[in-house]
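Shown next, in structure tokens, is the structure this report addresses.
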Amino acid sequence: MRRKIFILSFLFCFYQNFYSQIEVDNSAPFNTAISLVDNILLGGGVSSANHSFMGDAIQIGFFNALNTNLNMDSGIVMSTGDINALDPNFNGFLNMPVNNVTDPDLLNVANSVPGLIGQSFSVSGIFDVALLEFDFIPNSDSLTFNYIFGSNEYLTWVNSQYNDVFGFFISGPGITGPYSAPTGFPNGSINIATVPNTNPPLPITISSINNIINSNYYINNSNVFQTLSCNGFTQKFQANVVVQCGETYHIRLAIADGSDTSLDSWVFLEAGSFSSNGSIELSSGISNSDTILYEGCNSAFFNFERQDTIGDFTLYFDFLGTATIGQDYDYIPDSLTIPGGQLRDTLFINPVLDSIFEATETVVLTVYYEKCSGQLDTSRATLYISDYTPLNVSIPDSLNFCDQLGEVITINSNLSGGLEPISINWSDGSELDSMEVSMDSTDFIFINVTDRCNKEIFDSCKVWVQCPIENINVFTPNNDGINDFFVPINLNQYPNPHVLIFNRWGELVYENSNYQNDWSGTHYKSGQELKEGIYYYLIDPKSTKYDYEKINSEKEGISGKVRLIR
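In terms of our numbering, the sequence shown has 447 at position 442, counting the first letter as 1, and numbering is strictly consecutive.
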């Protein structure tokens, strides 16, 4: 015969900063079936009657698992032993259950498991039975509640005769099953404590959920800092069953040791989860964790979550508020059906950028859905749409500066609109609102800006390196490769200046509206070499930076004279 082993976990200060130990209580008011069911277990849409508990009083009570790793905050716990054994901090005496309760259905459930998982062991009997049962009337066409199974049989006694067992046996209208049911429920009961999505349904024991089989549902609790003294437990499951609205049903929640009385097992029933609302939990939010919804920027959503996944569930919508559908946000359907097998769905709202300045607008969604009684129920949520001022930058198309004078140009982004955080990237890699420019040749400057809405804009500026044009006194077009052309100082920095040359009698001898620093002292028409002497020039550099003196009433530029020597 194996002995029960109770391990008190060491309390490390580091872990205590993050976790708490489970607390259990079976003193008043947590010591009666009616109090535990009606005040702890029941949620919405269901009423109960004819409560009873069979077993030792130490086997049932309230638990508080807030800030533990159980993934269930509180509820009812049923045990094959003293529920105080769960508490790592308990330093009192742990009692052994004293009861003669039996439940043949539990033994049948336990022995149905080996054949379903390819094993041959058998459970010889059941002991330490704890059995909670009551009648209930649902207000919808479904019943759901949440539970977790845990055991100290893990993992040593997997696939052995020592398989503790539990079951949730429900009976009533529309239900026909192989297990027993009270008088008044002639069609038997079914067990709804089974591994999800198994066919045929596989009851939950340490042999059907562990580190090998259905391991995605198993949590090993033996090698970690224990917030509850339980070697292993399952993920949180939802039991669900189709019922008939307004009819009376009976449920029997039972757990027992298998083949001997050693090593405890537990079933945890989540507080407030035993419900038959047939209702929708409606919530709203903004994508990407934003806090404000902006036109043309981000999207929002309405989330719909129902109580169970049984059958199709159709929702009908009515959109109110100050925002206009199809104008302030995209058209969306007036109904949505959550298909059977699916728990939730989402409806997205995409505000339209209308470039109209207006006050914050509202989208009020009213959801209508039919309860099994034929009555309509409603739920409502509201979203708020704010104006989005488009992102904009404005830098000059072009600028001129002179590197010879040591000038530095500051180009401001003139950023406006958009939503923070805003990212600025200049072509030199800087990320400030402005950029200081210093270069020795004409080139483009680029800016790229993005904001929280992922709006992206570009702009560019051509920076001309242009210093003031200075006169020259002489040029010598004698083909010696030195000073052969008329090139005033810095004129080569201007791409297409207009140049006029006159002789001393005022006659035009040369003109070029796109001068390329290539006049060698020849007549612009005849091509003949001009005589040595003084020639007068007018240059319009077409510069937007330097305001040269007026040449005449139509032109601006500089004037001067130069001596031509061959």
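Cβ atoms here follow ideal geometry from the backbone N, Cα and C, with glycine treated the same way.
Of the listed residues the options, nearest to residue i (C-alpha basis)
i	options	result
Ile39	Glu436, Glu28, Asp30, Ser52	Ser52
Phe322	Leu348, Ile297, Leu287, Gly346	Leu287
Asp350	Leu358, Pro356, Leu341	Leu341
Val3	Val114, Val103, Ile45	Residue 3 is absent from the structure shown; the chain starts at 6 and stops at 571.
Met101	Gln64, Val114, Val118	Gln64
Ala54	Gln231, Tyr254, Thr107, Ile180	Tyr254
Ala242	Lys530, Ile197, Thr387	Residue identity differs from the one stated: residue 242 is Phe in this sequence, not Ala. Measuring from the Cα of Phe242, the nearest candidate turns out to be Ile197.
Thr329	Leu410, Trp469, Ser117, Leu358	Leu358
Asp61	Asn168, Leu160, Leu148, Thr107	Thr107
Asp445	Ser439, Gly411, Gly345	Gly411
Ser548	Cys407, Ile450, Gly532, Ser531	Cys407
Gly588	Ala115, Val103, Cys250, Asn76	Nothing in the structure corresponds to residue 588, since the chain is present only between 6 and 571.
Gln347	Thr371, Val369, Ser176, Gln312	Gln312
Ser413	Glu441, Ser432, Leu396, Asn419	Here residue 413 turns out to be Val, not Ser, going by the sequence shown. Ranking the options by Cα distance to Val413, first place goes to Glu441.
Ile563	Tyr515, Val514, Leu505, Arg509	Leu505
Ile27	Asn245, Gln166, Leu160, Phe273	Phe273
Phe150	Thr394, Ser403, Gly80, His528	Gly80
Glu537	Ser292, Arg571, Ala244	Arg571
Ser399	Pro356, Ser465, Gly345, Ile361	Ser465
Segment limits, beta strand (DSSP E) that includes residue i
i	result
Pro143	131-143
Gly172	170-176
Tyr291	Note on residue identity: the sequence assigns Ile, not Tyr, to residue 291. Per DSSP, Ile291 belongs to the beta strand (DSSP E) from 285-291.
Ala70	Taken as a continuous stretch (DSSP letters only), Ala70 belongs to no beta strand (DSSP E), as it is neither H nor E.
Leu381	381-391
Val82	79-84
Tyr254	254-263
Phe95	First-last for Phe95: undefined, no H or E at that position.
Ile414	414-417
Phe242	242-247
Met59	51-59
Met440	439-442
Gly237	237-239
Leu404	403-406
Lys343	Reading the sequence as shown, one finds Ile at residue 343 and not Lys. First-last of the beta strand (DSSP E) with Ile343: 340-343.
Asn225	223-225
Tyr167	Element bounds for Tyr167: n/a, residue is neither H nor E.
Glu28	28-30
Residues that DSSP places opposite residue i in a beta bridge
i	result
Ala328	The partner list for Ala328 (beta bridge, DSSP) is empty, contrary to what the question assumes.
Ser270	Ser156
Lys566	Tyr541
Ile429	Val454
Asp464	Ile452
His528	DSSP lists no partner for His528.
Asn308	Ser288, Thr351
Glu516	Leu505
Ile297	In the DSSP output, where bridge partners are listed per residue, Ile297 has none listed.
Gly66	Val82
Val470	Phe406
Glu534	Thr527
Ile209	For Ile209, which the question treats as bridged, DSSP gives no partner whatsoever.
Phe322	Val372
Pro356	Tyr334
Residue interval of the alpha helix (DSSP H) (run including residue i)
i	result
Asn116	109-121
Nearest-angstrom Cβ-Cβ length linking residue i and residue j, presumed shorter than 8 Å
i	j	result
Phe171	Ala259	6 Å
Leu91	Cys235	6 Å
Thr205	Leu121	The residue asked about is misnamed: residue 205 is Pro in this sequence, not Thr. About 7 Å separates the two Cβ atoms, so the contact holds.
Asp485	Ser525	Not confirmed; about 12 Å, so no contact.
Gly423	Lys460	6 Å
Ile1	Phe306	Limits of the chain in this structure are 6 at one end and 571 at the other, which puts residue 1 out of reach.
Phe132	Asp265	7 Å
Ala386	Ser227	Contact doesn't hold; Cβ gap of about 44 Å is too wide.
Asn405	Asp438	Between Asp438 and Asn405 the Cβ distance is about 22 Å, and since that is not below 8 Å, they are no contact.
Phe247	Gly179	Residue 247 is actually Val in this sequence, not Phe. Yes, Val247 and Gly179 are in contact; Cβ-Cβ is about 7 Å, under 8 Å.
Leu420	Thr371	The Cβ separation is near 41 Å, so there is no contact.
Phe463	Ser432	Actually they do not touch by this definition, with Cβ atoms about 11 Å apart.
Thr314	Tyr374	Actually they are not in contact, since the Cβ atoms of Thr314 and Tyr374 sit about 15 Å apart, beyond 8 Å.
Val29	Phe68	5 Å
Test: residue i CB closer than 7 Å to a CB of chain D
i	result
Glu363	Protein chain content of the structure displayed is limited to a single chain, and chain D is not contained in it.
Any contact of the stretch 290-302 with the stretch 136-153, i.e. 3+ C-beta pairs under 8 Å?
no
Measuring CB atoms only, is the stretch 424-432 touching the stretch 322-341, in the sense that at least three cross pairs come out at less than 8 Å?
no
Count the CB pairs spanning the stretch 538-548 and the stretch 453-464 that are closer than 8 Å, and state whether there are at least three.
no
Does the stretch 351-370 come within contact of the stretch 385-396, defined as at least 3 CB pairs closer than 8 Å?
yes
When you compare the stretch 202-218 with the stretch 148-164, are there three or more beta-carbon pairs, one atom per stretch, that lie closer than 8 Å?
yes
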